[in-house]
Amino acid sequence: MAVNTELNEESLFAHNYLRKRHGCPPLEYDEDLAKSSQAFADKLAHSPRFRYYYPTDYGENVAYRVSARCAKLSGIDATLRWYREILTYTSGEESQRKYGHFAQVIWKKTKQAGFGMAKSVDGKRVFVVGRYKPRGNRRAYWDEQVPPPTDNTVYVPTSEEMVELYKKAMDEKAENQESYEAYVKSILGALNSIRRENQLPPLRLNSELIKKRRVDLSGQPGENEDDSNSEEDDEQMKIPRTKLIDPTRIAKLMLKNGQVIRKDITMVGIVTVLMPQSSTVAIAFK
């Protein structure tokens, strides 16, 4: 079943923007949850009456809109509708009926989410479904799992404000992706330049190797020292520095360790995090 990529991106952005205000970690996209959300949204859109079932193995939020002509409901609008329950929420008050949507958006231990949207045949009804794991809204845990805003200010952004924030974030993401791809390409070029000098064939980027050796580099880099380790037939090196690392220097470090000129190596995986004042690179050979 196809998932709505744009819906999931904007819904996750809105959720994580609001979760950050409460000091809660960001949600990650889960394709299985997105597919099941889409399936349930389709079912609701084609049912004559709205019936809600409370699942037990995942959390769930549902929003819908009815219009005399063409109903519209974005992932951002649905998220803000769920979150708006905070306006009457009293910290620690456990009421699934009154505040369940808001609590699930914020629930601290929830880690994954996926979303689906569907319209009725006549276009007058639209449904947005969000599903979450681990599910929230468990009794006796609301105080712990639904913290107040970190600045103690209850504020619900308007749809227009959230859309502008989302557009800005997407523009920055596109710019970062272009920078990332160019940087990886320059590192690969520097590595292959050394291989040409040693009359060796060029290395090829390997997506599986990248996936296998991808590490969590989203935090701050460590101390200014090189750390290499090996596992079976591939090598990995993390190179933290206080500024963007020159690709030629990276290639020379690989030459120093000998990986880049090994005849039995044909593939490379390059993972890097670029930040304004620092960068971290992990390279794996095979």
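Take 1 as the starting number for the sequence shown in UniProt numbering and just add one per residue.
Using N, Cα and C, we set each Cβ at its ideal position, and we do this for glycine too.
Three or more beta-carbon pairs separated by less than 8 Å are not found between the stretch 174–183 and the stretch 138–150, which leaves the two stretches without contact.
When DSSP states are grouped into helix, strand and coil, G116 belongs to the strand group. For the set T248, R195 and S179, the Cα lying nearest the Cα of K263 is the one of R195. Assignment of L165 by DSSP, reduced to helix, strand and coil, places it in the helix class. In the three-state reduction of the DSSP assignment, E178 falls in the helix class, which pools H, G and I. In the three-state reduction of the DSSP assignment, F127 falls in the strand class. Here the C-alpha atom of L165 lies approximately 25 Å from the C-alpha atom of Y89. Within its own chain, the residues whose Cβ lies closer than 6 Å to the Cβ of N4, once the five positions on either side in sequence are excluded, are M117, listed in chain order. The beta carbon of K111 lies closer than 8 Å to those of P25, L27, E28, K133 and P134 in the same chain, with the five residues before and after it left out. For R97, the enclosing alpha helix (DSSP H) has its first and last residue at Q96 to I106.
The distance from the Cβ of D32 to that of G114 is about 7 Å, consistent with a contact at the 8 Å cut-off.
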